Amino acid sequence: MLAEFLQYLFTGITIGATYALIALGFTLIYNASHVINFAQGEFLMIGGMATVSLTAMGVPMIIAIVLAIILAGVLGIALQRFAIAPAKQADVVTLIIITIGASIFIRGIAQVVWGKEYHVMQNFSSDEPIWVFGAVLNSQSLWVLGVGAVVVVALVLFFTKTLTGKAILATSMNKEAARLVGVRTQMVLMLAFLVSALLGSVAGIVVAPITFTSYDIGIILGLKGFVAAAIGGLGSGVGAVVGGLALGIVEAMAAGYISSDYKDAVAFSMILLVLFFMPRGLFGPKVVERV
Amino acid sequence: MLNRFMQSRLRGLVVLALILVIIPAFLSNSFQYGMVTQIAILAATVVGLNLLVGFAGQISLGHAGFFGLGAYFTGIATGTYGWPSVPALLVGAIMVGIIAWVVGRPILRLKGHYLSMATLAVGFIIAIILNNERALTGGPDGMPVPAFEVFGWELSSFGRYSLLGLEIEGFEAWYIFASVILLVAVWFALNLIESPIGRALRSVHGSEVAASVVGVNTAKYKSLVFVISAIYASLMGSLYAHFLGFITPAVASFEFSILFITMVVLGGMGSTFGVILGAAVLTLLPQVLADFQELETVMFGLILMLTMIFMPKGLLPTLTAIVSKRMRKKAGGEA
Numbered sequence: 001m002l003a004e005f006l007q008y009l010f011t012g013i014t015i016g017a018t019y020a021l022i023a024l025g026f027t028l029i030y031n032a033s034h035v036i037n038f039a040q041g042e043f044l045m046i047g048g049m050a051t052v053s054l055t056a057m058g059v060p061m062i063i064a065i066v067l068a069i070i071l072a073g074v075l076g077i078a079l080q081r082f083a084i085a086p087a088k089q090a091d092v093v094t095l096i097i098i099t100i101g102a103s104i105f106i107r108g109i110a111q112v113v114w115g116k117e118y119h120v121m122q123n124f125s126s127d128e129p130i131w132v133f134g135a136v137l138n139s140q141s142l143w144v145l146g147v148g149a150v151v152v153v154a155l156v157l158f159f160t161k162t163l164t165g166k167a168i169l170a171t172s173m174n175k176e177a178a179r180l181v182g183v184r185t186q187m188v189l190m191l192a193f194l195v196s197a198l199l200g201s202v203a204g205i206v207v208a209p210i211t212f213t214s215y216d217i218g219i220i221l222g223l224k225g226f227v228a229a230a231i232g233g234l235g236s237g238v239g240a241v242v243g244g245l246a247l248g249i250v251e252a253m254a255a256g257y258i259s260s261d262y263k264d265a266v267a268f269s270m271i272l273l274v275l276f277f278m279p280r281g282l283f284g285p286k287v288v289e290r291v
Numbered sequence: 001m002l003n004r005f006m007q008s009r010l011r012g013l014v015v016l017a018l019i020l021v022i023i024p025a026f027l028s029n030s031f032q033y034g035m036v037t038q039i040a041i042l043a044a045t046v047v048g049l050n051l052l053v054g055f056a057g058q059i060s061l062g063h064a065g066f067f068g069l070g071a072y073f074t075g076i077a078t079g080t081y082g083w084p085s086v087p088a089l090l091v092g093a094i095m096v097g098i099i100a101w102v103v104g105r106p107i108l109r110l111k112g113h114y115l116s117m118a119t120l121a122v123g124f125i126i127a128i129i130l131n132n133e134r135a136l137t138g139g140p141d142g143m144p145v146p147a148f149e150v151f152g153w154e155l156s157s158f159g160r161y162s163l164l165g166l167e168i169e170g171f172e173a174w175y176i177f178a179s180v181i182l183l184v185a186v187w188f189a190l191n192l193i194e195s196p197i198g199r200a201l202r203s204v205h206g207s208e209v210a211a212s213v214v215g216v217n218t219a220k221y222k223s224l225v226f227v228i229s230a231i232y233a234s235l236m237g238s239l240y241a242h243f244l245g246f247i248t249p250a251v252a253s254f255e256f257s258i259l260f261i262t263m264v265v266l267g268g269m270g271s272t273f274g275v276i277l278g279a280a281v282l283t284l285l286p287q288v289l290a291d292f293q294e295l296e297t298v299m300f301g302l303i304l305m306l307t308m309i310f311m312p313k314g315l316l317p318t319l320t321a322i323v324s325k326r327m328r329k330k331a332g333g334e335a
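Residue numbers (the UniProt record's numbering), protein chains in the order written: chain A, 1 to 291; chain B, 1 to 335.
Here's what the structure looks like:
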């Protein structure tokens, strides 16, 4: 009984931590620009796939990971510079469609470069599973949780201790006012895309040994990240983390105790429940509109 | 007199009807007829979705869910239980309307992207149910759907019919039927836009706060237009199922929802005729790009991105703006 429960909990927390990182990426870009970036999942895919293909070429894993993260970062900046920035006067909905176009484009390139097969990535450390009260814990899960925690702490420090982080926060609160006090808002937008690309690629790399990776893995992972952000209240950092973990755990429990066919349905029902009963999400901001 | 008529809202409808009459001159086989029929049905769906996007300023990321529900209700009711087509189509639409109302009413009281999240969830839940209830839906393999029939008269792509003394093929008959449906869908949408409901909706899009201050019940109108757009999707889903004769859960998929919303934005949000163009372009584009083989996806994404970057208002509004600018210049030059 306990072993079973723990097993589901481990699975849930691991995948939930990944969702949390993706959700944070959505939140960053949403706060800076009100755009829901549908290309977020592609950053994960790039992270995982680039690492796999570089290690296959004989590059040591740690260097492969760094290169993959840099590649995703460059892609994030390119997305903002060449796709979002030129469409200055566009409606938010139009910008969202541009990110959809970008995600199809990136996925198309990945399919040409890496093919359609699934790729397996090695665990970072040993393949030996860890036994906890009769439940199996994949050593990679610890990596996911550890890296997730480090990233969250780093983000908190970035936003509270650095001038750049504060500039991003200021822009997300009030763009006009931020510009008036000298924040270069275009720069901030680019930074938001960069940071969320880095977040996405890190998530994609640490989770790849567990889920495997392929050119189209970004679709479903990106979507789950969006669901997590929505549950947490789109725009809230704490909400993204809590929403991600909650989604992961509920999903794993639903798959274990109810039916694995309907685990995704349970995840999506969570959005509806949250919207019906806690409309701003678990941690969403209170919005008062000034006219 | 003619001038006055050209200014009226019937103008677009007449132009569309003329285009639909001319199109068969360029079609030579049943495959091409099938494509155009499909475009007409999808166009009618996005004309409905456009009411929501263009006039209530809300986006739905789950319209394929409603489309798929209509398709499967028709498939199951007519195929498995032997219902006639029209009652199946209507009952399906009522059911979808009720679902949309139940989901939309509490959520449309909120401002922001909440409807997009809720519709995304509803669309996914519908797709998951269709995929998993194998006994009812055939699961991922799909299910056959009988031909459309009214009082024993069947409309099948493979039949032969006589119309006004002319012998026509089944696929031609379907094209005519779908064209009429599209015209009715457009006519209804244009009337709705000009009705008091439409005016209230546009005020909501302009400034929701101002609208509610002058007494427009914004949540009620937004829910109403959401329900109408969902019913459009359900009805067209039912017809699509009859037309194809075979459906899979792909008709309810997230990809299909994204395709619908992309048709609206690419064609031109708020422009009834623009979204029809969007439906045509996005249905034909993969056919054209098939020659690029493995680069097909890359090209599709690139074209979508570039169009939206350089024509953020959408294809038709941008093109009409260019044409009217040219004409004004020309008129200015002559004077």
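For glycine and all other residues, C-beta sits at the position ideal for the given N, C-alpha and C.
For clarity, every value in this text was computed on a predicted model and none was experimentally measured.
Determine the closest residue to ARG109 of chain B out of A:PHE276, A:ALA56, A:ALA255, with distance taken between C-alpha atoms.
A:PHE276
State the CB to CB distance for the pair PHE243 of chain B and THR37 of chain B, rounded to an integer number of angstroms; the pair is presumed to be in contact (CB under 8 Å).
6 Å
Extent of the continuous alpha helix (DSSP H) run through ILE261 of chain B
254-267
Using the three-state DSSP reduction, which class does TYR81 of chain B fall into: helix, strand or coil?
coil
Give, in chain order, every residue of the region 30-60 of chain B whose Cβ lies closer than 9 Å to some Cβ of chain A.
VAL53, GLY57, ILE59
Sufficient close CB pairs (3 or more, under 8 Å) joining the region 87-105 of chain B to the region 261-280 of chain B
no
Per-residue DSSP class, three states only, for TYR221 of chain B:
helix
Quick one: measure Cβ to Cβ for ALA173 of chain B and TYR161 of chain B, integer angstroms, because I've assumed they're closer than 8 Å.
5 Å
Between A:GLY76, A:MET121, A:ILE84, A:GLN140, which lies nearest to PRO129 of chain A when the distance is taken from Cα to Cα?
A:GLN140
According to the Cβ coordinates, are ALA68 of chain A and ILE205 of chain A closer than 8 Å?
yes
Coil, strand or helix - HIS63 of chain B by DSSP:
helix
Identify the continuous alpha helix (DSSP H) that holds LEU155 of chain B and give its terminal residues.
Careful: LEU155 of chain B lies outside any alpha helix (DSSP H), inside the beta strand (DSSP E) at 153-155.
What is the C-beta distance between PRO317 of chain B and GLY278 of chain B, in whole angstroms, given that I count them as a contact (C-beta under 8 Å)?
PRO317 of chain B to GLY278 of chain B, Cβ: 11 Å. No contact.
When you compare the CB positions of SER172 of chain A and GLY25 of chain A, do they come within less than 8 Å of one another, or not?
no
Below-8 Å beta-carbon distance, ALA230 of chain A vs any chain B residue:
yes
Relative to chain C, which residues along the region 255-266 of chain A have a C-beta separation below 7 Å, given in chain order?
The structure shown contains no chain C; the protein chains it does contain are A and B.
Boundaries of the beta strand (DSSP E) in which GLU167 of chain B is found, first to last residue:
166-169
Please confirm if residue 418 of chain B has its CB atom under 8 Å from at least one CB of chain A.
A question about residue 418 of chain B goes unanswered here, because the residues of chain B that appear run from 1 up to 335.
When A:ILE97, A:VAL112, A:ALA39 are compared against SER257 of chain B, the one with the closest alpha-carbon:
A:ILE97
is_contact[ARG107 of chain A, chain B] using C-beta, thresh 8 Å
yes
Am I right that TYR33 of chain B and TYR175 of chain B are in contact with their C-beta atoms under 8 Å? What's the rounded C-beta distance?
5 Å
Which same chain residues, not among the five before or five after ILE322 of chain B, have their C-beta less than 7 Å away from its C-beta?
none
Please confirm if VAL275 of chain B has its CB atom under 8 Å from at least one CB of chain A.
no
Taking the CB atoms as reference points, tell me whether VAL242 of chain A and PHE283 of chain A lie closer together than 8 Å.
yes
Neighbourhood of LEU61 of chain B by C-beta distance below 6 Å, restricted to the same chain and skipping five residues each side
SER116, THR119, LEU120, SER257
Are three or more beta carbon pairs between the region 74-87 of chain A and the region 183-195 of chain A nearer than 8 Å?
yes
Taking the Cβ atom as the reference point for each residue, do THR213 of chain A and GLY48 of chain A lie within a distance shorter than 8 Å?
yes
Report buried or exposed for MET305 of chain B, applying the criterion of at least 16 other Cβ atoms within 10 angstroms of its Cβ.
buried
Give me the Cα-Cα distance between GLY12 of chain B and ARG105 of chain B, rounded to the nearest whole angstrom.
33 Å
Helix, strand or coil: how does DSSP classify PHE10 of chain A here?
helix
Under 8 Å, CB to CB, which of the residues in the region 261-274 of chain B have a partner in chain A?
ILE261, THR262, VAL265, LEU266, MET269
Whose Cβ in chain A lies nearer than 9 Å to the Cβ of GLU294 of chain B?
GLY108, GLN111, VAL112
Identify whether MET6 of chain B lies in helix, strand or coil by the three-state DSSP scheme.
Caution is warranted here: a pLDDT of 48 is assigned to MET6 of chain B, below 50, making its placement in the model unreliable, and no coordinate value can be reported.
I want to verify the contact list: residues of chain A whose CB lies under 9 Å from the CB of THR297 of chain B, in sequence order.
ILE104, PHE105, ARG107, GLY108, ILE109, GLN111, VAL112
Express the C-alpha separation of ALA17 of chain A and LEU145 of chain A in angstroms, rounding to a whole number.
6 Å
Nearest CA to the CA of ALA72 of chain A: which residue from A:SER103, A:LEU155, A:GLY233?
A:SER103
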